[in-house]
Every structure is written in C-alpha cells, then in structure tokens.
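Engineer: Note that the protein sequences, when read in sequence, are chains U and S.
Going left to right, the first sequence walks through residues 51 to 422 as this note's numbering numbers them.
Going left to right, the second sequence walks through residues 35 to 303 as this note's numbering numbers them.
This is the structure I want to talk about, given as structure tokens.
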Amino acid sequence: MTALQDRTSATGKPDDALVRFTEVKKSYDGIQYVVKDLNLDVAKGEFLTMLGPSGSGKTTTLMMLGGFERPTLGHILLDGKPVEKLPPEKRNIGFVFQNYALFPHMTVAENVAFPLRYRGIRGDAAREKVKRALGRVSLEAMGDRKPAQLSGGQQQRVALARALVFEPSLVLMDEPLGALDKQLRERMQIEIKHLQTSLGITMVYVTHDQSEALTMSDRIAVFHDGRIQQLADPKTLYNAPENRFVAGFIGENNTMACSLMGRETGLAVVKMADGSTLKASDTVLSADADLTLSVRPENIMLAGDQTPPGMNLFSGIATDVFFLGDHMRLSVEAFGGQTVTARIPIAVARTFAPGETVHLACMAADCRLLEG
Amino acid sequence: MWLPSYATPSERMMRILVVVFAILVMLFLIAPLFIIVPLSFSKDPFFTLPVREYSLRWYADLFGNPRWMEAMVNSGIAAVLTTIFATTLGTLAALGIARPDFPARRFVMALLISPMIVPIVIVAVGSYLFFGQFGLTNTRAGLVFAHTALATPFVVITVTATLSTYDTNLTRAANSLGASGLSAFFRVTLPNILPGVISGAIFAFATSFDEVVVALFLTAAEQRTLPVQMFSGIRDQINPTIMAAATMLLALSILLFAALTILTRKKAR
Numbered sequence: 051m052t053a054l055q056d057r058t059s060a061t062g063k064p065d066d067a068l069v070r071f072t073e074v075k076k077s078y079d080g081i082q083y084v085v086k087d088l089n090l091d092v093a094k095g096e097f098l099t100m101l102g103p104s105g106s107g108k109t110t111t112l113m114m115l116g117g118f119e120r121p122t123l124g125h126i127l128l129d130g131k132p133v134e135k136l137p138p139e140k141r142n143i144g145f146v147f148q149n150y151a152l153f154p155h156m157t158v159a160e161n162v163a164f165p166l167r168y169r170g171i172r173g174d175a176a177r178e179k180v181k182r183a184l185g186r187v188s189l190e191a192m193g194d195r196k197p198a199q200l201s202g203g204q205q206q207r208v209a210l211a212r213a214l215v216f217e218p219s220l221v222l223m224d225e226p227l228g229a230l231d232k233q234l235r236e237r238m239q240i241e242i243k244h245l246q247t248s249l250g251i252t253m254v255y256v257t258h259d260q261s262e263a264l265t266m267s268d269r270i271a272v273f274h275d276g277r278i279q280q281l282a283d284p285k286t287l288y289n290a291p292e293n294r295f296v297a298g299f300i301g302e303n304n305t306m307a308c309s310l311m312g313r314e315t316g317l318a319v320v321k322m323a324d325g326s327t328l329k330a331s332d333t334v335l336s337a338d339a340d341l342t343l344s345v346r347p348e349n350i351m352l353a354g355d356q357t358p359p360g361m362n363l364f365s366g367i368a369t370d371v372f373f374l375g376d377h378m379r380l381s382v383e384a385f386g387g388q389t390v391t392a393r394i395p396i397a398v399a400r401t402f403a404p405g406e407t408v409h410l411a412c413m414a415a416d417c418r419l420l421e422g
Numbered sequence: 035m036w037l038p039s040y041a042t043p044s045e046r047m048m049r050i051l052v053v054v055f056a057i058l059v060m061l062f063l064i065a066p067l068f069i070i071v072p073l074s075f076s077k078d079p080f081f082t083l084p085v086r087e088y089s090l091r092w093y094a095d096l097f098g099n100p101r102w103m104e105a106m107v108n109s110g111i112a113a114v115l116t117t118i119f120a121t122t123l124g125t126l127a128a129l130g131i132a133r134p135d136f137p138a139r140r141f142v143m144a145l146l147i148s149p150m151i152v153p154i155v156i157v158a159v160g161s162y163l164f165f166g167q168f169g170l171t172n173t174r175a176g177l178v179f180a181h182t183a184l185a186t187p188f189v190v191i192t193v194t195a196t197l198s199t200y201d202t203n204l205t206r207a208a209n210s211l212g213a214s215g216l217s218a219f220f221r222v223t224l225p226n227i228l229p230g231v232i233s234g235a236i237f238a239f240a241t242s243f244d245e246v247v248v249a250l251f252l253t254a255a256e257q258r259t260l261p262v263q264m265f266s267g268i269r270d271q272i273n274p275t276i277m278a279a280a281t282m283l284l285a286l287s288i289l290l291f292a293a294l295t296i297l298t299r300k301k302a303r
C-alpha cells in the first residue's frame, strides 16, 4: 500500500480529508530536518495515531497542526483552508498536552469554562456546557476543586473536558496518558476511544506506546527519522509491516539477514547466513537489495511428528528459556549465530536445557521479506 | 544541631565554641543597625549609650519638620514610580529572554543586569552627564529613570527565576483554547509568575527608596529624597532626628523583607 492510496482508504473519498499535510518539512536550525517530506491526510471522524520513538518527528508534526510551530516548507490544510500562518487561537482545535497543562490558579470548572469566554458563551449557557463536559468525564462533583487536589487520572479527564467543551471538530493529543499507571492508562484508552466515536470528532494522537496505538486507532502512521514509515490500520501494520523499522517497532519480530535465491509456487526462496534455505511470502520485487526475513515469535512452533508438510523447518541451540505463565520464551541460536526467539504456549511446551538442540518450524506465509 | 548522647567532652566543647562564634558573627553583622534604634528614642541631643532617658522628641521633630516630610514624600513618589516602571520593563525583559528562540541570551542577560555590577558612583556620574544633555538633571523624571535602570535587574532576576519553573504549555494551552497573546498573558501567565513579579517589585521599591549616591547627583532641593536628606543632615549638624529617620527606614526594610519571606514560602508550598 502506498501513501497515495492511503489518502482515500479511511472513508473512500479524498474530499473527506479534514487535515491535509502536503510536502511539509520542518527544520529548527536550517540544516537538519526533523520532519522530511510529510504527506498525510486525516479523514473526518478518524482516529489517527502518530506512533514513533522520541525524535521521530511525530510531536513536531502535531505542534505544526496545533499552530505552535510553523512548517519550514509545505502546506497544511484544515478543512480545505491553508493554516500555516494561522495562530493557534484562531484554529479552533482542542489540544490535550502531555502534562495536562491545567491552569493551577483556576478551579476545575473555571478551567473548563476558559475556552467558552472566547466564544461568547457566558452565564447560564456556559455553566450548562461546563456541567455537561464534566459529566462526560464523570467529574461533575469536582468543579470547585483546584487541579492540584485531583489525582493524575482526574486531571487528565479535566484536560479532556476542557479540550472538548467548545465542540472542536479536531482534537489533538500529545502522549496524554504517559504519566498514568498501566491500569488507569488502559481504562483511559477505552474512555477516550468511546468519547471520540460517540461525539464523532476527529482525533490525532501522538504516542510512543504501540499497544496504545493498536488499541485506539483507525489508522496508525509510524514515524521514524522524520518520515512516515508506514501508514495503515492496526491489523495491516501488525501483520504486514512494510520495512524493517516497522517490523521491529510494532510488536516483536525476529529479523535475520538473507538473500533471495528464486521463486516457486508464489513463494520466495531465500538463503540464510548458514546456507540453509527457507520459504517466505513473496513481497519484495527487487532481488538485488539486502533482504531481511522477519517472523514473529508467536509464529514459531516446536517441530514434531504432527508438523504438516511444507513448513519451514530449522534447528538451533537453546540459549535462554523463560517461564512467563501462559507461555514460554525460548531463544535459540540458529542460522550460524543468529538469535531466534519463539513463544511456545505452555500447553505444548516441555522443559528445555540450555545447549540442547531444538527443532523448530514456521509457516512460509508468516515469514515476511523486508528490504534493508 | 544537638549532639548524640555518646559525644565526647571535647566534641561538646567544640560544639559550644561553634555556637558562640556564630552568635558573635551575627552580632557583628547587625549590631550597628540596632545601635540606631535606642539612640533614636534618647532624650539627649548627643549620641550617648546607654540611653539615660527615653523620649519621642526626635520623632516629633522628624514629622514636624517640613524638610524631612518633603524628603519622605519625594522618596515615596520616586520609589513608587520606579517600582511601576522597573516591574513592567523587567517582567517584559524576562519573558522575552525566556523564549526558546531568543538570540544571544547570555549576552543580553549580562547587559540587563550590568547596572547591578557597575560601581554606583559610575552610574551616578554617567547618569548626571547623560541626563544633563536632555535637561533631566534636578528633575524627578531624571531620578526615576536612573533608579529604574538600577532596579530593573532585580525584577529581571526574580521573574526569570519564577519563569524557570513555569510550564510554557500553560500558555500554549490558553492559546489553543482561544486566548490571544495578551489575554493569555494576563489570565494565565501573570497569575502563575506573580510571586516573582511581586518579589521583583519589592526589591525595586527598596532599591529606589534606599538609594543615595545617584540621588545626590540628580536631585536639587525640591526633589531631595530621604537618604539624601539624611546624608546632608549628617554633614551639616549631627542631630538624633537622623536616628529617628534611620529607624523608620530600618522598620520599612524589615517589613519588606518579611513580605518577601512570606511570599517565597507561599511559592514553595
């Protein structure tokens, strides 16, 4: 799937784009580009996540959309209108910051009422809206408290209520759950997703947490080194990573160097470092490029008498074995010195001694070839 | 502070010596200030200690004498105007310097606080010659301008210190919610950096109210400030009224210091 096709994939019509980045570049010093050649459409009503490690350009992209940074080159369209030069206060975008950025000198209700004053909503109408917004995040009773008197999760909800109270069509979030503990984070993910779908708002969400991205998003843009590495829905991203970076970043993958030998019956035949051959799904066109074979640990199983024919078989020397409750994590050294990790369900696992030879198998369809 | 029960006698001895020494140093620092207070309540027209008889006659003289009263009013006006100008300018400067894209930050900062470092006589002579060109010597405006230059660095320093703990995302949040620059400043930034602004204002007030060298150069009889009046009073005729004025100044300084302490303690909480 190319970036161009993706423009239309979310809702079918390219005109549905609420946000459009065209050839956007951003450099702070004029030498190094933090964002290089960004082309991205966000459809109306979509939950789009920008996922990537720190320094990948995802936050800078969000800041440009929010109006806090200006693109060095290129255009950003919001609802069809260019906004590169529009200050944040004129964009009507809800923004939830990483540390919530609640005004400490105001009460919760005053915080939520803040954007209403700039939209000419005062008095009873404003009180009504504040009440409704706080109700949506189950904080009706907390209106008179100061932000410092609330827990992290409650502060996060206030920030959400404040960003939603003026009914913006677009809401941006910059790692909003980063400071919360794991359980609360998972609950908030679901709450945010519910709010987004029930209110029909478009959300652009920045995170470095892949499970968060997979849980909430309609589409995920994986950022690395200032570029979108892949833009796809969570399922495609997980099952069909397009390059080595995405394969390594989303979930866990064993990546091994290999070279293409030929093709047979729709599968690619590759030669591993030790000369053995494996079959892989044929996704790569050029035979000259350096290739990487990627296979997820959960797709590697123990080889035995019941192993169906046609599977890739290989063996390795067990190096590490860990018991993890529902599965065992078995690392072996195979293909002449490469570490391959397998996730063996407890039901079919046995005990392994370090140093013993283990026979493993994986389906050709689960082995993906990547360039680079 | 207190030694454990197993301390040896020599350790106890050392500890006592340290405490005695510390008390002596403190006395050395503040005793000259507090000599003034009893002298101001003495009935004698001479500076003799111990005081033989107490009276308020020098305070009566201070508040009854139009020259002293005029000097106090002059000092008050100059200090209030200086505080307003220095606080405004200093806060704006600190906000500008705190911006991440501010060029040559260290250099500009050094330039801004230079009036604090340059010897005061040089500032006074410089102001005298420079302001003379514009007819600002012997005017209240000239005095206020010179004092503003001296007081602004204090505001820059205190506001910069507060800004270092200020979360700039608050301003961004205000912007994203619809507040333009000025509105975001008054409704969000200023309330959150207020302790620093007020500390700066207190320093600015004290700087102007206590300042004597620049005031000596720039004022004529009509703008004479309290410190100048005291200074010339000492030269002309030594008179305990000066002690009464000095005690008033000391009381004001203690008051300002107390206000500052309360303010910083609130901020820490």
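The beta-carbon is built from N, C-alpha and C at its ideal position, and this holds for glycine as well.
Using a Cβ-Cβ cut-off of 8 angstroms, state whether V193 of chain S counts as contacting chain U.
Structural biologist: No, its Cβ sits nowhere closer than 8 angstroms to a Cβ of chain U.
Engineer: Report yes if the CB atom of L230 of chain U is closer than 8 angstroms to the CB atom of M223 of chain U, and no otherwise.
Structural biologist: No, the Cβ-Cβ distance between L230 of chain U and M223 of chain U is not below 8 angstroms.
Engineer: Shorter than 8 angstroms from the beta carbon of Y168 of chain U to some beta carbon of chain S?
Structural biologist: Closer than 8 angstroms to some Cβ of chain S, the Cβ of Y168 of chain U qualifies, so yes.
Engineer: Which partner residues of T389 of chain U appear in the DSSP bridge assignment?
Structural biologist: Note: T389 of chain U sits in a beta bridge opposite U:E383.
Engineer: Would DSSP call G234 of chain S helix, strand or coil?
Structural biologist: G234 of chain S: helix per DSSP, three-state reduction.
Engineer: Output the distance between the C-alpha atoms of P429 of chain U and A392 of chain U, rounded to the nearest integer angstrom.
Structural biologist: One cannot answer for residue 429 of chain U here, as it falls past the ends of chain U, which runs 51 to 422.
Engineer: Can you confirm whether I143 of chain U, when its beta carbon is compared against all beta carbons of chain S, has any partner nearer than 8 angstroms?
Structural biologist: Judged by the 8 angstroms Cβ criterion, I143 of chain U is in contact with chain S.
Engineer: Exposed or buried, V53 of chain S, counting other C-beta atoms within 10 Å across all chains shown (16 or more means buried)?
Structural biologist: Looking at its Cβ environment, which holds fewer than 16 other Cβ atoms inside 10 Å, V53 of chain S is exposed.
Engineer: If you draw a straight line from the C-alpha of G176 of chain S to the C-alpha of T259 of chain S, how long is it?
Structural biologist: Approximately 13 angstroms between the Cα atoms of the pair.
Engineer: Tell me whether D95 of chain S, by its Cβ, gets closer than 7 angstroms to a heavy atom of the ligand MG.
Structural biologist: This structure simply doesn't include the ligand MG, nor any ligand for that matter.
Engineer: Please state the DSSP three-state secondary structure of G144 of chain U.
Structural biologist: Three-state result, G144 of chain U: strand.
Engineer: How would you call F295 of chain U, buried or exposed, if buried means at least 16 neighbouring beta carbons within 10 angstroms?
Structural biologist: By the neighbour-count rule (16 or more Cβ atoms within 10 Å), F295 of chain U is buried.
Engineer: Ignore the nearest five residues each way along the sequence and tell me which others in A183 of chain U's own chain have a CB closer than 8 angstroms to its CB.
Structural biologist: Within the same chain, A183 of chain U has close Cβ partners V162, A211, R212, L214 and V215.
Engineer: So, using beta-carbon positions, are Y168 of chain U and A213 of chain S closer together than 8 angstroms?
Structural biologist: Yes; because the gap between Cβ atoms is below 8 angstroms, this pair is in contact.
Engineer: Which of the three DSSP states, helix, strand or coil, is assigned to M143 of chain S?
Structural biologist: M143 of chain S falls in the helix class under three-state DSSP.
Engineer: Give the range of the alpha helix (DSSP H) segment to which L51 of chain S is assigned.
Structural biologist: Residues P43 to S74.
Engineer: Along the segment 221-254 of chain S, where does the CB come closer than 7 angstroms to a CB of chain U? Name the residues.
Structural biologist: Under the 7 angstroms Cβ criterion, the segment 221-254 of chain S contributes V222, P225 and N226.
Engineer: Let me know the secondary structure DSSP gives T259 of chain S once reduced to three states.
Structural biologist: Looking at T259 of chain S - three-state DSSP - the assignment turns out to be coil, as it is neither helix nor strand.
Engineer: Since L363 of chain U contacts V371 of chain U with CB under 8 angstroms, what's their CB separation in whole angstroms?
Structural biologist: With a Cβ gap of about 21 angstroms, L363 of chain U and V371 of chain U do not count as contacting.
Engineer: Counting pairs of Cβ atoms below 8 angstroms between the segment 94-112 of chain S and the segment 245-263 of chain S, do you hit three or more?
Structural biologist: Touching, per the Cβ criterion.
Engineer: In this structure, does DSSP put R418 of chain U in helix, strand or coil?
Structural biologist: Of the three classes helix, strand and coil, the one that applies to R418 of chain U here is strand, per DSSP.
Engineer: For the segment 380-391 of chain U, enumerate the residues whose C-beta is nearer than 7 angstroms to any C-beta of chain S, in chain order.
Structural biologist: The residues in question: there are none.
Engineer: Quick check for students: name the residue ranges of the beta strand (DSSP E) that lie wholly in the segment 128-189 of chain U, counting only runs of 3 or more.
Structural biologist: As far as the segment 128-189 of chain U is concerned, its whole beta strand (DSSP E) runs of at least 3 residues are 143-146.
Engineer: Taking beta-carbon pairs under 7 angstroms, can you tell me which members of the segment 201-220 of chain S lie near chain U?
Structural biologist: Cβ contacts with chain U: D201, N203, L204, R206, A207, N209, S210, L211, G212, A213 and S214.
Engineer: Measuring only the C-alpha atoms, how far is I278 of chain U from L88 of chain U?
Structural biologist: Going by the C-alpha atoms only, they are around 7 angstroms apart.
Engineer: Taking the alpha-carbon of Q404 of chain U as reference, which of U:P395, U:A368, U:D416 and U:K94 has the nearest alpha-carbon?
Structural biologist: This sequence places Pro at residue 404 of chain U; Gln is not what is there. Ranking U:P395, U:A368, U:D416 and U:K94 by Cα distance to P404 of chain U puts U:A368 first.
Engineer: Within 10 angstroms of the Cβ of I50 of chain S, are there 16 or more other Cβ atoms? Answer buried if so, exposed if not.
Structural biologist: With fewer than 16 other Cβ atoms within 10 Å, it is exposed.
Engineer: Name the two residues that bound the continuous beta strand (DSSP E) containing L281 of chain U.
Structural biologist: Per DSSP, L281 of chain U belongs to the beta strand (DSSP E) from R277 to A282.
Engineer: Find out if the Cβ-Cβ distance for the pair T333 of chain U, R418 of chain U is shorter than 8 angstroms.
Structural biologist: Taking 8 angstroms as the Cβ cut-off, T333 of chain U and R418 of chain U qualify as a contacting pair.
Engineer: Within 8 angstroms of any Cβ in chain S, is that where the Cβ of E139 of chain U sits?
Structural biologist: Answer yes: the Cβ-Cβ gap between E139 of chain U and chain S drops below 8 angstroms somewhere.
Engineer: What number of angstroms, rounded off, separates the C-alpha of E45 of chain S from the C-alpha of F55 of chain S?
Structural biologist: Between E45 of chain S and F55 of chain S, the C-alpha separation is close to 15 angstroms.
Engineer: Report the neighbours of G116 of chain U on chain S: residues whose CB is nearer than 7 angstroms to its CB, in chain order.
Structural biologist: Correct list: S210.
Engineer: Apply the 10 Å Cβ neighbour rule to A292 of chain S and answer buried if 16 or more other Cβ atoms are within range, or exposed otherwise.
Structural biologist: The residue in question, A292 of chain S, is exposed, as its Cβ has fewer than 16 Cβ neighbours within 10 Å.
Engineer: Taking 8 angstroms as the threshold, find out whether the segment 229-242 of chain S comes into contact with the segment 120-133 of chain S through three or more Cβ pairs.
Structural biologist: With the cut-off at 8 angstroms, the segment 229-242 of chain S and the segment 120-133 of chain S touch.
Engineer: Can you list, in chain order, the residues of its chain whose CB lies under 8 angstroms from that of T298 of chain S, leaving out five sequence neighbours each side?
Structural biologist: Closer than 8 angstroms at Cβ, skipping near neighbours: P229 and S233.
Engineer: What would DSSP say about L311 of chain U, mapped onto helix, strand or coil?
Structural biologist: Correcting the residue identity first, residue 311 of chain U is Met in this sequence and not Leu. It is a strand residue.
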